[in-house]
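Residue numbers (this note's numbering): 51 to 185.
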């Protein structure tokens, strides 16, 4: 297991971040979504509005930063479930507002979860190795 990584030509070392697997990311997303619902209830923001959507999108982005990119659909679905059940309908029951609206919410949460881990998963550029002339 690597403990540090460095880019070629760089002088600073960065600790390697171990990312959460997909199943653990989904579990953490469900638990954090429930805790966020409790916090929104204390603030009186358990209704369908921009504040609840922004809070769940922020939660998705935060969890996505510590998860693998393949966990983004699971995090987005968990955030959608918690937002729909607790923020929109308040009584832990899912409601359906139509395929367009609900798929838009699901895409928003999934894209937020994919925002931070995707650049780290992209392939790095090749390192050029120079040859020293033999004299």
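All C-beta atoms, glycine included, are put in the ideal place defined by N, C-alpha and C.
Which residue marks the beginning of the alpha helix (DSSP H) containing residue 101, and which one marks its end?
100-115 is the span of the alpha helix (DSSP H), which, as asked, contains residue 101.
Inspect the beta-carbon positions of residue 166 and residue 111 and report whether they are closer than 8 Å.
Yes, the pair counts as a contact, with Cβ atoms nearer than the cut-off.
Could you please give the first and the last residue of the uninterrupted alpha helix (DSSP H) stretch that includes residue 152?
It spans 149-165 - the alpha helix (DSSP H) in which residue 152 sits, taken as one unbroken run.
Please classify residue 130: is it buried, with 16 or more other beta-carbons within 10 angstroms of its beta-carbon, or exposed?
Buried, because 16 or more other Cβ atoms sit within 10 Å of the Cβ of residue 130.
According to DSSP, is residue 96 part of a helix, a strand, or is it coil?
The answer is coil: DSSP assigns residue 96 none of H, G, I, E or B.
Just to confirm before moving on: does the CB-CB distance between residue 70 and residue 132 stay below 8 Å?
Their beta carbons are not under 8 Å apart, which means residue 70 does not touch residue 132 by this criterion.
Whose C-alpha, out of 153, 125, 141, 151, is nearest the C-alpha of residue 82?
The option with the nearest alpha carbon to residue 82 is 125.
Give the single residue among 162, 107, 91, 137 whose Cα lies nearest to the Cα of residue 98.
Residue 98 has its Cα closest to that of 137, out of 162, 107, 91, 137.
According to DSSP, is residue 70 helix, strand or coil?
If DSSP states are grouped into helix, strand and coil, residue 70 belongs with the strands.
How should residue 153 be labelled, buried or exposed, when 16 other C-beta atoms within 10 angstroms of its C-beta is the threshold for buried?
Label assigned to residue 153: exposed.
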